[in-house]
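Structure first, commentary second.
2 protein chains.
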Amino acid sequence: MSDTLTPSAVDTAPEAYPVSARNRVKRVHERGSYDHETVHAILDSAMLCHVAYVIDGQPYATPTIHWREGDMLYWHGSSASRMLRHLKAGTPACLTVSHLDGLVLARSGFNHSVNYRAAMCFGTARLVEDEAEKARALVGVVDRFYPDRSAGLRRITAQETKATTVIAMRIDEASAKIRAKGVGDEPEDMDFPAWAGVIPVRTVIGATETCPKIPAGIERPATLAPYAEGAVLDAALLATQRIYEG
Amino acid sequence: MSDTLTPSAVDTAPEAYPVSARNRVKRVHERGSYDHETVHAILDSAMLCHVAYVIDGQPYATPTIHWREGDMLYWHGSSASRMLRHLKAGTPACLTVSHLDGLVLARSGFNHSVNYRAAMCFGTARLVEDEAEKARALVGVVDRFYPDRSAGLRRITAQETKATTVIAMRIDEASAKIRAKGVGDEPEDMDFPAWAGVIPVRTVIGATETCPKIPAGIERPATLAPYAEGAVLDAALLATQRIYEG
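Chains as they are written, first to last, in the numbering used here: chain X, -3 to 242; chain W, -3 to 242.
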């Protein structure tokens, strides 16, 4: 594309996304990277993303569940939803995943910050109309999170397939931005008598609530082991993605 | 506005946001609400939001920290950032906060879901140019999260104030969408021999990492009590917002 900036040596590594004005990390650029491994790890560690799209000049940031197969991102929903009806036509979109990892309290207001991992992915969202691709995706949305689960479920009906819209977006460009360190105070502020530090946060799995109508003898499957009580959600989602990739 | 739909009796309660084609919850509308209390509680329970905006037809979903004063949402960043330079002019934006509360595993793939709380807010983002409003906002971004903290910090410099852009957006319209329940299988699927249940997730506070250069005798302030190790982040953020509101 015409606005692609000259990438640095790092950016041209084979496993990195191209860099343009759209995805170049402008602020605190030492926090930015474009390599597949970093971007994919942030995407794969989350179930929830936000998709930005535009209708008649109005932007929307819509939360949804995403999953990834290679460079392809998928999300889905009811065929009746506002977002999905709009995206059918093929439209520029931005899918962002963000993890909050810690609150950073500095000796000055200016240097307060957060630790985080975020990935922004750009591409053209399109409706998945090919029947085989759609069928694969509707297995993927279950099995990517819950290993081998779909084979043991009540089979999807034609009506349910029709009622579900699947959207795909190839990642044309992406950037990752990470802050993972301690307090970044100015050297001249170090003696200022204010407390400073990092308060880490993490998202963890709670105690499973089995559906009360499950008959005795049907246990939570062993394949859900990554979602053990107390486990960190990021890690469970990354582990199940790796299982899904085989 | 011309596209405002006729609101229901509930929607016209004095403390609710107006409903239009932009914010009406279309899917599973029994999960939707427009009242201030519900929308604000979702916003106030989070530090991280995603702001959607458009540059030359390209949508962006940018993660950032937000805070709220009444019906006004604020976010900020470097004066050099792509998003903030664009929003200076006053532009339609959508600020969304989402909480993932649980993974819902059903007896069919179709009824797999998540428990969540999400709020989408629409308005026109504008640059805060009034010096007094900007100064108040730069105190607010600290004190809203960390009660009474800014008074004890190294004072902000003119240079830092200049380098920081603050954006404000009055909430013109908003909607909240919440799923907080068990498995939603079809009645005819109840006897299908698959395990089903809810795996709850929550974001919790970890052990504080005091900056290693803090001299002995400077302790973590008691005002940070809501951020105790093991506390749920949502609750700590809601508690500190209530303290901030006095």
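The C-beta atom is built at its ideal place from N, Cα and C for all residues, glycine as well.
Residue burial classification, residue i (beta-carbon count within 10 angstroms, cutoff 16)
i                : result
threonine 153(X) : exposed
alanine 224(W)   : exposed
alanine 164(X)   : buried
glutamine 155(X) : exposed
alanine 42(W)    : buried
lysine 173(X)    : buried
proline 183(X)   : exposed
glycine 66(W)    : exposed
alanine 221(X)   : exposed
glycine 86(X)    : exposed
arginine 151(W)  : exposed
alanine 203(W)   : exposed
aspartate 126(W) : exposed
glycine 242(X)   : exposed
leucine 1(X)     : The predicted model places leucine 1(X) with a pLDDT of 34, which falls under 50 and marks its position as unreliable, so this point remains unresolved.
Limits of the unbroken alpha helix (DSSP H) element including residue i
i                : result
glutamate 33(X)  : 32 to 40
aspartate 185(X) : No alpha helix (DSSP H) contains aspartate 185(X), which DSSP labels as neither H nor E.
tyrosine 240(X)  : 229 to 241
glutamate 156(W) : 154 to 159
Whole-angstrom distance between residue j and residue i, CA atom to CA atom
i                    : j                : result
phenylalanine 141(X) : threonine 157(W) : 45 Å
histidine 52(W)      : alanine 114(X)   : Per the sequence presented here, residue 52(W) reads as aspartate, with histidine not at that position. So the alpha carbons of these two residues sit roughly 23 Å apart.
tryptophan 191(W)    : serine 146(W)    : 51 Å
threonine 34(W)      : serine 16(W)     : 18 Å
phenylalanine 188(W) : threonine 60(X)  : 28 Å
glycine 213(X)       : aspartate 40(W)  : 43 Å
arginine 64(W)       : valine 21(W)     : 23 Å
tyrosine 70(W)       : aspartate 144(W) : 19 Å
glutamate 129(W)     : alanine 89(W)    : 20 Å
histidine 62(W)      : threonine 160(W) : 14 Å
serine 4(X)          : arginine 27(X)   : Residue confidence for serine 4(X) is low, a pLDDT of 40 falling below 50, so the modelled location carries little weight and cannot support an answer.
alanine 235(W)       : threonine 219(W) : 11 Å
alanine 48(X)        : proline 211(W)   : 45 Å
valine 162(X)        : tyrosine 240(X)  : 19 Å
aspartate 139(W)     : glycine 73(X)    : 39 Å
lysine 209(X)        : alanine 121(X)   : 39 Å
alanine 37(W)        : leucine 229(W)   : 13 Å
valine 93(X)         : arginine 132(W)  : 31 Å
histidine 95(X)      : valine 179(X)    : 18 Å
glycine 105(X)       : leucine 134(W)   : 8 Å
threonine 206(X)     : glutamate 215(X) : 9 Å
proline 217(W)       : proline 217(X)   : 45 Å
Beta-carbon contacts of residue i that lie in its chain and below 7 Å, excluding the five residues immediately before and after
i               : result
arginine 18(X)  : Phe118 and Glu169
arginine 103(W) : Asp181, Asp185, Phe188, Ala190 and Ala192
aspartate 97(X) : Asn111, Tyr112, Arg113, Ala176, Pro196 and Val197
alanine 57(X)   : His46 and Ala48
glycine 148(X)  : none
alanine 232(W)  : Ile201, Pro222 and Tyr223
leucine 91(X)   : Cys45, Val47, His62, Leu69, Cys117 and Met165
Where residue i meets chain W, residues with beta-carbon distance less than 7 Å
i                : result
valine 138(X)    : Gly105 and His108
glutamate 156(X) : Phe106
arginine 18(X)   : Gln54
tyrosine 142(X)  : Leu101
8 Å Cβ cut-off: residues of chain W touching residue i
i               : result
arginine 216(X) : Trp191 and Gly193
glycine 53(X)   : Val50 and Pro88
alanine 114(X)  : Pro59
Chain W residues whose Cβ lies nearer than 9 Å to that of residue i
i                 : result
serine 146(X)     : Gly105
isoleucine 152(X) : Ser104, Gly105 and Phe106
methionine 165(X) : Simply none; closest approach about 12 Å.
proline 222(X)    : Neighbours of proline 222(X) on chain W: none; closest Cβ ~10 Å, over 9 Å.
threonine 92(X)   : His46, Tyr56, Ala57, Thr58 and Pro59
Enclosing beta strand (DSSP E) for residue i [first to last residue]
i                : result
valine 138(X)    : Premise fails: valine 138(X) lies in the alpha helix (DSSP H), 127 to 139, not in any beta strand (DSSP E).
threonine 204(X) : First-last for threonine 204(X): undefined, no H or E at that position.
lysine 173(X)    : 169 to 175
isoleucine 51(X) : 44 to 51
aspartate 97(W)  : 87 to 101
isoleucine 61(W) : 54 to 65
asparagine 19(X) : Looking at the DSSP string, asparagine 19(X) is not in any beta strand (DSSP E), and its letter there is neither H nor E.
threonine 120(W) : 109 to 123
Contacts that residue i makes with chain X (C-beta to C-beta distance below 7 Å)
i              : result
lysine 209(W)  : Met186
arginine 27(W) : Chain X residues near arginine 27(W): none, gap ~12 Å exceeds 7 Å.
Sequence-distant residues of the same chain with beta carbon closer than 6 Å to residue i, five excluded per side
i              : result
tyrosine 30(X) : Asp7, Ala12, Tyr13, Val15 and Ser171
Cutoff 8 Å; reference residue i; Cβ partners in own chain excluding five residues on either side
i                 : result
isoleucine 167(X) : Tyr13, Val35, Asp67, Met68, Leu69, Cys117, Phe118 and Gly119
glycine 226(X)    : Val200 and Ile201
histidine 108(X)  : Val100, Leu101 and Ala102
proline 55(W)     : Ala48 and Tyr49
Chain X contact residues for residue i, given Cβ-Cβ distances below 9 Å
i             : result
valine 200(W) : Val197, Arg198, Thr199 and Val200
Chain X residues whose Cβ lies nearer than 8 Å to that of residue i
i              : result
glycine 178(W) : Glu205, Cys207 and Pro208
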